[in-house]
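Same order as they appear, the protein sequences are chains P and C. For the first sequence, the residue numbers in my numbering are 2 to 113. For the second sequence, the residue numbers in my numbering are 1185 to 1299. Structure record follows, encoded as structure tokens.
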Amino acid sequence: GDSVTQMEGPVTLSEEACLTINCTYTATGYPSLFWYVQYPGEGLQLLLKATKADDKGSNKGFEATYRKETTSFHLEKGSVQVSDSAVYFCALSSGGYNKLIFGAGTRLAVHP
Amino acid sequence: NAGVMQNPRHLVRRRGQEARLRCSPMKGHSHVYWYRQLPEEGLKFMVYLQKENIIDESGMPKERFSAEFPKEGPSILRIQQVVRGDSAAYFCASSLGLAGQETQYFGPGTRLLVL
């Protein structure tokens, strides 16, 4: 079945460092891909998405490109802030009903 | 435009009691999804509903769990005779359900603790 694999955390960075969180997927058909962010004690917020190959999603300085050839959707940011500390989830929409398949999440901690 | 609303935010139940979780989708959204997040894990799909219909319940446990989305009022996830393993965060998401507008927007979740 469809699945998402993302790098294990925690990822610990200093402020202004570069961030990459790897995400690869297995899917039949052509899923849409998403990154969601979860701050402590809160629900998930959509960070960015891409709906077809080579699309680049971007928001708040974060970017991810839908790579069909490598089945990847890595999340990147050039300069992280303390306020970016959260858990990041990669997900794909599966099948005709668009249910989301999530990765296990990657916790990011950014220190001043 | 209010987002997805869930209540209660926190729920404590003793083993054997019933838990009832409510979700009001975003205005204009007629598609509702429920997900469960166990501690330190990702979210797992449970059920997908449209008004008055269960469309996909492939992620629902076979016993004790049920869901509904009536014509009027919120969607309800009901867990009968709760056990400690049901302790988790339960998230609801809603979408317009139209082609090209399938993005799901999540509520803040209900954190269920079974004593």
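Using N, Cα and C, we set each Cβ at its ideal position, and we do this for glycine too. Just so we're clear, the structure is a prediction, and the values are computed from it rather than from any experiment.
Please state if the CB of C/Phe1229 and the CB of P/Lys50 are separated by a distance shorter than 7 angstroms.
No. Outside cutoff.
Go to C/Asn1138, then tell me how far its beta strand (DSSP E) extends in each direction, as first and last residue.
This structure leaves residue 1138 of chain C out entirely; chain C is present only between 1185 and 1299.
Could you give the distance in angstroms between the alpha-carbon of C/Glu1202 and the alpha-carbon of C/Ser1250?
Approximately 11 angstroms, taken between the alpha carbons.
Put C/Arg1193 into one of helix, strand or coil per three-state DSSP.
C/Arg1193 falls in the coil class under three-state DSSP.
Buried or exposed for P/Ala54, going by 16 or more other Cβ atoms inside 10 Å?
Its Cβ having fewer than 16 others within 10 Å, P/Ala54 is exposed.
Compute the distance between the beta-carbons of C/Ser1208 and C/Met1189, then report whether it is under 7 angstroms.
Yes.
For the segment 1265 to 1282 of chain C against the segment 14 to 29 of chain P, are there 3 or more C-beta pairs whose distance is under 8 angstroms?
Touching, no.
Do you know how far the Cα of P/Thr27 is from the Cα of C/Gly1257?
So the alpha carbons of these two residues sit roughly 37 angstroms apart.
In the structure shown, what three-state DSSP assignment does C/Gly1269 receive?
It is helical.
Only counting the same chain, and skipping five residues up and downstream in sequence, which positions put a Cβ closer than 7 angstroms to that of C/Phe1275?
Counting only Cβ-Cβ distances below 7 angstroms, and skipping sequence neighbours, we find Tyr1219, Gln1221, Leu1227, Phe1290, Gly1291 and Gly1293.
Please determine, among P/Ser80, P/Val83, P/Leu76 and P/His112, the residue with the shortest C-alpha to C-alpha distance to P/Gly106.
Checked all of P/Ser80, P/Val83, P/Leu76 and P/His112; the closest Cα to P/Gly106 is P/Leu76.
Is DSSP giving P/Ser84 helix, strand or coil here?
Helix, per DSSP.
Less than 7 angstroms between the beta carbons of P/Gly58 and P/Lys78, yes or no?
Result no, Cβ atoms of P/Gly58 and P/Lys78 do not sit closer than 7 angstroms.
Using 7 angstroms as the limit for Cβ to Cβ distance, is C/Ile1239 near chain P?
Judged by the 7 angstroms Cβ criterion, C/Ile1239 is in contact with chain P.
7 angstroms is my cut-off, CB to CB: does C/Tyr1274 come that close to chain P?
It does not: the Cβ of C/Tyr1274 has no partner Cβ on chain P nearer than 7 angstroms.
Give me the subset of the segment 1243 to 1260 of chain C whose CB atoms are less than 9 angstroms from a CB atom of chain P, sorted by chain position.
Flagged, chain order: Gly1243.
Skipping 5 residues on each side, what residues in its chain have a beta carbon closer than 7 angstroms to that of C/Ala1272?
Once the five neighbours on either side are set aside, the close Cβ partners of C/Ala1272 are Arg1220, Gln1221, Leu1222 and Leu1296.
Going along chain C, which residues have a C-beta under 7 angstroms from P/Leu49?
In chain order: nothing, as chain C lies at least about 11 angstroms away.
List the whole-angstrom C-beta distance separating P/Ile22 from P/Val12, where the pair is believed to meet the contact cut-off of C-beta under 8 angstroms.
At roughly 7 angstroms, the Cβ-Cβ gap stays under 8 angstroms, so P/Ile22 and P/Val12 are in contact.
Verify whether the separation of the beta carbon atoms of C/Arg1204 and C/Arg1262 is less than 7 angstroms.
Yes, they are a contact pair.
Any residues in the segment 1204 to 1235 of chain C with a beta carbon nearer than 7 angstroms to a beta carbon of chain P? Which ones, in chain order?
Within the segment 1204 to 1235 of chain C, the qualifying residues are Tyr1217, Glu1225, Gly1226, Leu1227, Phe1229 and Tyr1232.
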